[in-house]
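A.B. asks: Quick one: this structure, given as structure tokens, is what I'll be asking you about.
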Amino acid sequence: MAQGFTRTEILPALPPPITERGAVKWMRENLFSTPLNIVLTVLGALFVYWIVASSLPWWLNSVWNAESLSQCREIVQAKAGEGATGACWASIRVWWGAFLFGFYPPAEWWRPILAFGLLFAALAPVLYAGQRGNLTLVLGVVAAFLLVTLYLSQAPTSAFVMVVVLVAGLIALAQVLPGKLLWFTLVYPALCFWLLWGGSIWSPIVAMAGFAVLYAVFRLTSPLIGLAPAAGAGIVAAALWWLYLDVPLLSALHSMLPLEIRSINSDQFGGFLLATVIGVTGISFSLPIGILLALGRQSDMLIVKTLSVGFIEFVRGVPLITLLFTASLLLQYFLPPGTNFDIILRVIILVTFFAAAYLAEVIRGGLAALPRGQYEAADALGLDYWRAQRLIILPQALKVSIPAIVSTFIGLFKDTTLVSFVGLMDPLRGVTTILRADINWKGIYWEPYIFVGAIFFLICFGMSRYSMYLERKLKTDHR
Amino acid sequence: MADAAKMQISDEVAIQITGMNKWYGQFHVLRDINMTVQRGERIVICGPSGSGKSTLIRCINRLEEHQQGQIIVDGTELTNDLKNIDKVRSEVGMVFQHFNLFPHLTILENLTLAPIWVRKVPKREAEETAMYFLQKVKIPEQANKYPGQLSGGQQQRVAIARSLCMKPRIMLFDEPTSALDPEMIKEVLDTMIQLAEEGMTMICVTHEMGFAQAVANRVIFMDQGQIVEQNEPKEFFNNPKSDRTKLFLSQILGH
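Order-wise, the sequence lines are chains A and B. Under this note's numbering, the first residue of the first sequence is numbered 812, with each subsequent residue one higher. Under this note's numbering, the first residue of the second sequence is numbered 10, with each subsequent residue one higher.
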């Protein structure tokens, strides 16, 4: 009995019934959906209660002011009665400087602080490209942070003047030409190096001039001999500059105008200063190297491809600690006698290579995820290889790989603690061991590890949140 | 209309293919292709799948490499010389079956990217050209959206506009309507017809026989990597010569 039917009016949309809404629906679906889930929910709640109940007194009885562990314990007993336990954060308070700076002389603490603050000023143009509001906000926070911390660390007046001039200049630049802030990012590595290690102001300037030489040679020769040979010529020119002209020029300039700050040796670096120096340099250099390796691995040119594959597979196939031992011991055998190749620099180079090899594989995954059509469309429009990579392929491949790239960065940052194996004073093992060897704090173990763990967590969590922000911002597929 | 369009065909040779062969490994995909395209011609290439028709037009802008024979596009021979390849590619526009828009760029950025970076056109001017062509394909209001927000038909029209922004002298269409819902095919075909009426040299791989009849001045039928038959559309459809063509036409026009 088939019957014709024609709808004459469209039904209005109604709200769902109460059991399908809000907290009730959520709990029903997520906590109490089956008997097994009910049991697990109850067990989970009991477990959380047990953890909190047994550790809460320890946290609540925290002691912040004490001379030694035994004094700490007396204070806890006096406050909370016989047999009570409490955290003794006073140990962190006493060893605070070592956790942050290692044996960096306290009178010079303002230098790493300044370098750290300016790091964010240098990162901002990269992280928030061209967004005037965000840039100004970051620079403002940097200025406030620097003024407060520099005051607390009793920095000399000249440091304050430098901060005010520099940050005010950057903020002004952010208002007028936010794109030009990238120049500060380019200059920052040299500035940071000079602030941290000290010495003549000419040494970073002369070293950076090597890059200017590289660029100038590249620009002058590229119309004549093509891009790749010009890049090679530029690199050769820069290497010659660093090998033969750097030192004489430096001493000449220094004798003309001796401007210098106290120079600090690498073995005085430690704590989070060391972790940050290695981590940040490693992260910022491993990404471009990783991209080049990933592209090299996909290249049609046999030599480039073989070298890239060989490098990636070798570095990934070897534990990081092996590379670090290579950095600290073996490299010395291969270098000419008497060469003073800084240990931190050596470690940074190998950590960078290590992360770059992993990043190359991560980025290769992103490249492989792109449909062939994207390459073909770029080709069909007449874009050459490098433009197609830069404008079409890499922006998409990197976007797909953001979570994995940030994971690698987080891994790299945590791996900086491994430098303790080559005698550097990392925050986790280096500084903590020294603290625990202190006669006053013998027997303490939870507090320093919790402290170091918390700081690492904050930094890594920050990176993770930023990557999520970036993913949201770059999401254009609207699926 | 068709007659008026025929007038625009000049004696100037746009594409000359002689004795061209191509292999994928051991597989001989294109066999002894000889073909001349006059400026202003509108050629439809059809044939069963796997007959090499897409491969043929992809050889014309060197997305595929041929192993034997000669392809001369606008007086430039396609060899391994990258300069020649780039020159040909910037003169030859291509529209793909799956649009291949750049999903991370807005429509406007998709259209201005190649003019700015390849042709070195100032940004302002490139944007004006882009808006002109968006108007032409009738979607100027989508300029600041991303490709993912557009329908298939709109995306394909953007892809056509993107090619046109490079001011190409030849346009290649590789099954431009095959990935579209039936209701969107017409809007894309309309755009292509409009382009044909303006005298663009076009080579289209398509199964839209209505389009072939309305616009093409020559239909080429390919099978097993060879050109089996070519003729004016009227002759081709009403009076096919080869048995293979007859079979193909009966299959696609049968219902």
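We treat Cβ as the ideally placed atom computed from N, Cα and C, and that holds for glycine.
How many angstroms separate the CA atom of Leu1038 of chain A from the CA atom of Gly208 of chain B?
C.D. replies: Cα to Cα, the separation comes out at about 39 Å.
A.B. asks: Of the choices A:Glu1258, A:Gly1273 and A:Ser1275, whose alpha-carbon is the least far from that of Phe910 of chain A?
C.D. replies: With distances taken between Cα atoms, Phe910 of chain A lies closest to A:Glu1258.
A.B. asks: Let me confirm a value: Ala13 of chain B is counted as buried when at least 16 other C-beta atoms fall within 10 Å, else exposed. Which label applies?
C.D. replies: Per-residue confidence for Ala13 of chain B stands at a pLDDT of 45, beneath the threshold of 50, marking its modelled position as unreliable; the derived number appears in the next sentence. By the 10 Å Cβ count, Ala13 of chain B comes out exposed.
A.B. asks: Do Ser1097 of chain A and Leu1006 of chain A have their C-beta atoms closer together than 8 Å?
C.D. replies: Contact flag unset, no.
A.B. asks: Return the first residue and the last residue of the beta strand (DSSP E) that Thr1087 of chain A is part of.
C.D. replies: Per DSSP, Thr1087 of chain A belongs to no beta strand (DSSP E); it is in the alpha helix (DSSP H), Gly1082 to Gln1109.
A.B. asks: Need the endpoints of the alpha helix (DSSP H) that Ile163 of chain B sits in, please.
C.D. replies: Inspection of the sequence shows that residue 163 of chain B is occupied by Gln rather than by Ile. Run containing Gln163 of chain B: Gly161 to Leu173, per the alpha helix (DSSP H) assignment.
A.B. asks: Keeping to the same chain, check which residues put their C-beta closer than 8 Å to that of Arg1175 of chain A; ignore five residues upstream and five downstream.
C.D. replies: So the qualifying residues of the chain are Ala1105, Arg1108 and Gln1109.
A.B. asks: Could you tell me which residues DSSP puts in a beta bridge with Val22 of chain B?
C.D. replies: B:Gln47.
A.B. asks: Specify, as a first and last residue, the run of the beta strand (DSSP E) that Val214 of chain B falls within.
C.D. replies: Element bounds for Val214 of chain B: Thr210 to Val214.
A.B. asks: Tell me, to the nearest whole angstrom, how far the beta carbon of Glu100 of chain B is from that of Pro177 of chain B; I am working on the premise that it is less than 8 Å.
C.D. replies: Their Cβ separation, rounded to whole angstroms, is 6 Å, which keeps Glu100 of chain B and Pro177 of chain B in contact under 8 Å.
A.B. asks: Using a Cβ-Cβ distance under 8 Å, would Phe111 of chain B count as near chain A?
C.D. replies: Judged by the 8 Å Cβ criterion, Phe111 of chain B is in contact with chain A.
A.B. asks: Is the segment 1197 to 1208 of chain A touching the segment 108 to 128 of chain B, taking contact as three or more C-beta pairs under 8 Å?
C.D. replies: They touch, by the three-pair rule.
A.B. asks: What are the start and end residues of each continuous beta strand (DSSP E) run of 3 or more residues lying completely inside the segment 111 to 199 of chain B, in chain order?
C.D. replies: Complete beta strand (DSSP E) runs here, min 3: 179 to 183.
A.B. asks: Could you check the C-alpha separation between Lys250 of chain B and Leu1285 of chain A for me, to the nearest Å?
C.D. replies: Cα to Cα, Lys250 of chain B sits roughly 56 Å from Leu1285 of chain A.
A.B. asks: Answer yes or no: does any C-beta atom of chain A fall closer than 8 Å to that of Phe220 of chain B?
C.D. replies: Chain A contact via Cβ: absent.
A.B. asks: Please report the residue range of the beta strand (DSSP E) in which Gln235 of chain B lies.
C.D. replies: It spans Gln235 to Asn240 - the beta strand (DSSP E) in which Gln235 of chain B sits, taken as one unbroken run.
A.B. asks: With H, G and I counted as helix, E and B as strand and the rest as coil, what does DSSP make of Gln79 of chain B?
C.D. replies: Of the three classes helix, strand and coil, the one that applies to Gln79 of chain B here is strand, per DSSP.
A.B. asks: Please say whether Val104 of chain B and Phe220 of chain B have beta carbons closer to each other than 8 Å?
C.D. replies: No. Outside cutoff.
A.B. asks: Can you have a look at Lys62 of chain B and say buried or exposed, based on whether 16 or more other CB atoms are within 10 angstroms of its CB?
C.D. replies: Buried, by the Cβ-count rule.
A.B. asks: Quick check: is the beta carbon of Glu756 of chain A nearer than 8 Å to any beta carbon in chain B?
C.D. replies: An answer regarding residue 756 of chain A cannot be provided, because it is not within the stretch 812 to 1290 covered by chain A.
A.B. asks: So with Cβ pairs under 8 Å, would you call Ile1216 of chain A a contact of chain B?
C.D. replies: Ile1216 of chain A does not count as touching chain B.
A.B. asks: Just list the residues that DSSP pairs Gly102 of chain B with in beta bridges.
C.D. replies: Looking at the DSSP assignment, Gly102 of chain B forms a beta bridge with B:Met180.
A.B. asks: In the DSSP assignment, the alpha helix (DSSP H) including Val1294 of chain A goes from what residue to what residue?
C.D. replies: No statement about residue 1294 of chain A is possible, as the shown extent of chain A runs from 812 to 1290 and does not include it.
A.B. asks: Can you tell me where the alpha helix (DSSP H) holding Arg884 of chain A begins and where it ends?
C.D. replies: Leu880 to Ala891 is the span of the alpha helix (DSSP H), which, as asked, contains Arg884 of chain A.
A.B. asks: Leaving out the 5 sequence neighbours to the left and right, which residues in its chain are closer than 6 Å to Ser1231 of chain A when beta-carbon positions are compared?
C.D. replies: Counting only Cβ-Cβ distances below 6 Å, and skipping sequence neighbours, we find Asp1237, Arg1240 and Gly1241.
A.B. asks: Would you mind sorting Trp778 of chain A into buried or exposed? The rule is 16 or more other CB atoms within 10 Å of its CB.
C.D. replies: No answer is possible for residue 778 of chain A: the residues shown for chain A start at 812 and end at 1290.
A.B. asks: Who are the Cβ neighbours of Ala1138 of chain A in its own chain at under 8 Å, not counting the five residues just before and after it?
C.D. replies: Around Ala1138 of chain A: Ile1154, Arg1157, Val1158, Ile1160, Leu1161 and Val1233.
A.B. asks: Residues in the same chain with beta-carbon distance under 7 Å from Gly1254 of chain A, minus the five sequence neighbours each way, listed in chain order, please.
C.D. replies: Excluding residues within five positions, the ones whose Cβ falls inside 7 Å are Leu880.
A.B. asks: Report the CB separation of Ser1275 of chain A from Ile1213 of chain A in whole angstroms; it is logged as a contact under 8 Å.
C.D. replies: Not really, about 11 Å apart at Cβ, beyond 8 Å.
A.B. asks: Which residues in chain B sit within 9 Å of Lys991 of chain A, going by Cβ to Cβ distance?
C.D. replies: Those do not exist, as Lys991 of chain A stays about 18 Å from chain B at its closest Cβ, beyond 9 Å.
A.B. asks: Please name the residues in the segment 195 to 219 of chain B whose beta-carbon is closer than 7 Å to at least one beta-carbon of chain A, in chain order.
C.D. replies: If the cut-off is 7 Å between Cβ atoms, the segment 195 to 219 of chain B has nothing near chain A.
A.B. asks: What are the boundary residues of the beta strand (DSSP E) that includes Phe230 of chain B?
C.D. replies: Element bounds for Phe230 of chain B: Arg227 to Asp232.
A.B. asks: Suppose contacts are defined by Cβ-Cβ distances below 8 Å. Is Ile24 of chain B in contact with Val46 of chain B by that definition?
C.D. replies: Yes; because the gap between Cβ atoms is below 8 Å, this pair is in contact.
A.B. asks: Could you work out which residue in B:Ala188, B:Pro57 and B:Gly34 is closest to Gly161 of chain B when comparing CA atoms only?
C.D. replies: The shortest Cα separation from Gly161 of chain B among B:Ala188, B:Pro57 and B:Gly34 belongs to B:Ala188.
A.B. asks: So is Lys1284 of chain A in contact with chain B if we call contact Cβ pairs under 8 Å?
C.D. replies: By this cut-off, Lys1284 of chain A is not an interface position.
A.B. asks: Assuming Phe230 of chain B and Cys55 of chain B make a contact with CB atoms under 8 Å, what is their CB distance in whole Å?
C.D. replies: Right, the Cβ-Cβ distance comes to about 6 Å (below 8 Å), so this counts as a contact.
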